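Below: the structure, in structure tokens.
Residue numbers (our numbering): 36 to 372.
So, in structure tokens, the structure goes:
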């Protein structure tokens, strides 16, 4: 029976089959697949052979990036939480966004909410996922795209839950308040400058905002909110820092400050250690397992600084709860976009 208080849109949506589409960057399965993967990332532009070989070396040192496995696990946990199908689409590797949308269409999905597993919005990163998702769904699947969730309370709680015990333990062991360094992936400087309005196909919602890209502000906002959750344990504004990591190696200026220079600054202030927590990544992959656990650890040791890293969110129940919170209003038919 249809309740009289339902809107016309809600009544019309009763016949819809709804789903969630999780979007991620993608990662190759083997070192040998790295060149093809990089071609997908740069969309056919030539990369110096030295860059390709350096990325292969990094992948070889960690064995394999678990990004795909963790993303599929997150999707399964979200499916269990919501009771609706959850699909995974990767922008640069398999399963691709096109494959995910094809499966949705074949299984009768008519409406979906898309969530990019990069909480901080950049029109030239999250924006690429947005355009790809709308291009694939076309007119056959009604799509709701969540552009940003950088300050979602449960996401902040998830990061704080990972950080708190590590920070408390190292502070207690050292007898001093150890600083925290929050990080997010860097992006080229040109991507956060004022961007021209991009013309999209008629079926894709237009992006009309030409103000500076919000990414850097959102990343720092996430860090501040996570730090705030540890204030009752004694973490003050003077005890935490923020830096951008994993700047590209193929040329051009990238936003900073870099982790490398920030670690040196922390050491110069007289600190003996630092807890480094990335707040732009939701699971283990090469930027954590190599860039942090190998490269930054090596640098920290070289300059006389101990470095600790909390466990990544991976299958965190609070992360899954945050994703469920984001999707639920659209799945109920009570929000439109």
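Where is the CB? At the ideal position from N, CA and C, for every residue including glycine.
Predicted, not measured: the structure shown is a model, and the values here were computed from it.
Residue 231 versus residue 247 - alpha carbon distance: For residue 231, the predicted structure reports a pLDDT of 44, less than 50, and the residue's modelled location is therefore unreliable. A value from the coordinates is still provided. Cα-Cα distance, rounded: 10 angstroms.
Euclidean distance between Cα positions of residue 354 and residue 114: 13 angstroms
Counted within 10 angstroms of its Cβ, other Cβ atoms place residue 365 as buried (16 or more) or exposed: buried
Limits of the alpha helix (DSSP H) - the one that residue 313 falls within: First-last for residue 313: 308-313, but that is the beta strand (DSSP E), not the alpha helix (DSSP H).
Residue 198 and residue 261 closer than 8 angstroms at C-beta: yes
Own chain, CB closer than 7 angstroms to residue 226, minus 5 neighbours either side, in chain order: Annotation for residue 226: 157, 159 and 248 place their beta carbon closer than 7 angstroms to its own, counting only its chain and skipping 5 residues before and after.
C-alpha distance - residue 91 paired with residue 75, whole-angstrom precision: Their backbone Cα atoms lie some 15 angstroms apart in a straight line.
Whole-number beta carbon distance between residue 325 and residue 96, since they are thought to touch under 8 angstroms: Distance from residue 96 to residue 325 at the Cβ level is roughly 6 angstroms; contact confirmed, criterion being Cβ atoms closer than 8 angstroms.
Residues sharing a beta bridge with residue 331, DSSP: Looking at the DSSP assignment, residue 331 forms no beta bridge with any residue, so it has no partner.
Best match in 154, 296 and 342 for proximity to residue 202 [C-alpha to C-alpha]: 342
Close-in-space but distant-in-sequence residues of the same chain around residue 350 (CB under 8 angstroms, 5 per side omitted): 105, 108, 109 and 112
At least three beta-carbon pairs within less than 8 angstroms, the region 297-312 to the region 203-214: Short answer: they touch.
Whole-angstrom C-beta distance between residue 136 and residue 88, which should lie under 8 angstroms: Contact doesn't hold; Cβ gap of about 34 angstroms is too wide.
Selected residue, minimal CA-CA separation from residue 301, among 145, 78, 363 and 273: 273
Classification of residue 292 by the beta-carbon crowding that lies within 10 angstroms, buried from 16 upward: Residue 292 is exposed by the Cβ-count criterion.
Option in 117, 228 and 332 with minimal Cα separation from residue 55: 117
Residue 271 CB to nearest heavy atom of the ligand ZN below 7 angstroms: Because no ligand of any kind appears in the structure shown, any question about the ligand ZN cannot be addressed here.
Residue 60 burial status per 10 Å Cβ neighbour count (16 or more: buried): buried
Whole-angstrom distance between residue 334 and residue 163, CA atom to CA atom: 33 angstroms
Secondary structure of residue 151, DSSP reduced to three states: strand
Classification of residue 304 by the beta-carbon crowding that lies within 10 angstroms, buried from 16 upward: exposed
Exposure of residue 93, with buried meaning 16 or more beta-carbon neighbours within 10 Å: buried
contact_flag[the region 273-288, the region 165-185] where n(CB pairs < 8 angstroms) is 3 or more: no
Span of the beta strand (DSSP E) around residue 59: 53-59
Residues that residue 353 bridges to, as DSSP identifies them: Bridge partners of residue 353: none, in fact.
Straight-line Cα distance separating residue 147 from residue 237: With a pLDDT of only 45 at residue 237, under the threshold of 50, the placement of this residue in the model should not be trusted, and no figure is reported.
Nearest-angstrom beta carbon gap, residue 176 and residue 125 [assumed within contact, 8 angstroms]: 18 angstroms between Cβ atoms; not a contact.
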